[in-house]
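Peer 1: Numbering (full-length UniProt numbering), first residue to last: 1 to 190.
By construction, the Cβ of each residue, glycine as well, lies at the ideal position given by its N, Cα and C atoms.
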Amino acid sequence: MLSELRVENLLLIERAELRLGPGLNVLTGETGAGKTVLAHALDLLLGGRPRGGIVRPGAAEAWVEGVFALPDELRELVGDRLPADAEELVLARRVSAEGRTRAYVGGRSATAGDLQEIGAAVLSFYGQHEHRRLTLASSQLDILDGFCGAEQAERRSAFASAHAAERRLQRRLEELRERAGARERELDLL
1 MLSELRVENL LLIERAELRL GPGLNVLTGE TGAGKTVLAH ALDLLLGGRP RGGIVRPGAA
61 EAWVEGVFAL PDELRELVGD RLPADAEELV LARRVSAEGR TRAYVGGRSA TAGDLQEIGA
121 AVLSFYGQHE HRRLTLASSQ LDILDGFCGA EQAERRSAFA SAHAAERRLQ RRLEELRERA
181 GARERELDLL
């Protein structure tokens, strides 16, 4: 669970600190209040790609930091990046005015991919209009399969692998048929 979010020099925000409570947290406000900037901050924190001009004008860099509770399943994911007795995980991202980024997990250098992997385990984040994904058939199937448990996930994975193998074999068969046809035409010409 995200318990704190700190943002410095990101777009319009010079400095902001947000403390969140347990459970669902909802940010509301008037147009232009900064909700989207906080969404950009969370996206950066979760390994998203920074867009141009994200650093506040006049600042050398932007900084986003999130403090997360550290349940056992997350402890396994972060492995040896934290002391064994750590009770929280700090993810951070620095973006220079030139667009270069640095990522940190537990105070140590990391990659944006590390932030994405860990971020997927610690935070469910939905931006404006993301509810539209629910209308896509593929998203609906993913959601339903998610409710079916590990056994169904294994079946789906096995089916996907078998289907991909079948498609490869179909392409190979078609290729062999084309070669055979080309050989027959060549023999007819001789």
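Do you know whose CA, among Ile-118, Gly-181 and Glu-61, lies nearest Leu-70's CA?
Peer 2: Taking only the C-alpha atoms, the option nearest Leu-70 is Ile-118.
Peer 1: Quick test of your reading: Leu-2 and Leu-123, contact by CB under 8 Å. State the CB separation rounded to the nearest angstrom.
Peer 2: That belief holds up - the Cβ atoms of Leu-2 and Leu-123 are roughly 6 Å apart, short of 8 Å.
Peer 1: Are the beta-carbon atoms of Leu-115 and Leu-91 separated by less than 7 Å?
Peer 2: It is a contact, given that the beta carbons lie within the stated cut-off.
Peer 1: Helix, strand or coil: which one does DSSP assign to Gly-66?
Peer 2: Note: Gly-66 maps to strand in three-state DSSP.
Peer 1: How many Å lie between Arg-185 and Glu-175 at the Cα?
Peer 2: So the alpha carbons of these two residues sit roughly 15 Å apart.
Peer 1: Which two residues bound the contiguous alpha helix (DSSP H) that contains Arg-183?
Peer 2: It spans 150-189 - the alpha helix (DSSP H) in which Arg-183 sits, taken as one unbroken run.
Peer 1: Does any C-beta atom of chain C lie closer than 7 Å to the C-beta of Glu-178?
Peer 2: Of the protein chains in the structure, only one exists, and it is not chain C.
Peer 1: On a Cα-Cα basis, can you pick out the residue from Arg-171, Asp-85 and Glu-14 that is closest to Val-64?
Peer 2: Of the listed residues, the one whose Cα sits closest to Val-64 is Glu-14.
Peer 1: With Ile-13 as the anchor, note down where its beta strand (DSSP E) starts and where it stops.
Peer 2: Element bounds for Ile-13: 13-19.
Peer 1: Determine, using beta-carbon pairs with one atom in the stretch 25-35 and one in the stretch 99-115, whether at least three such pairs fall under 8 Å.
Peer 2: At 8 Å Cβ cutoff, the stretches do not touch.
Peer 1: What residues in its chain sit with their C-beta under 7 Å from that of Leu-46, if we drop five residues either side in the sequence?
Peer 2: Closer than 7 Å at Cβ, skipping near neighbours: Leu-115, Gln-116, Gly-119, Leu-123 and Phe-125.
Peer 1: Per DSSP, Val-7 is paired with what?
Peer 2: In DSSP, Val-7 forms a bridge with Ala-16 and Val-64.
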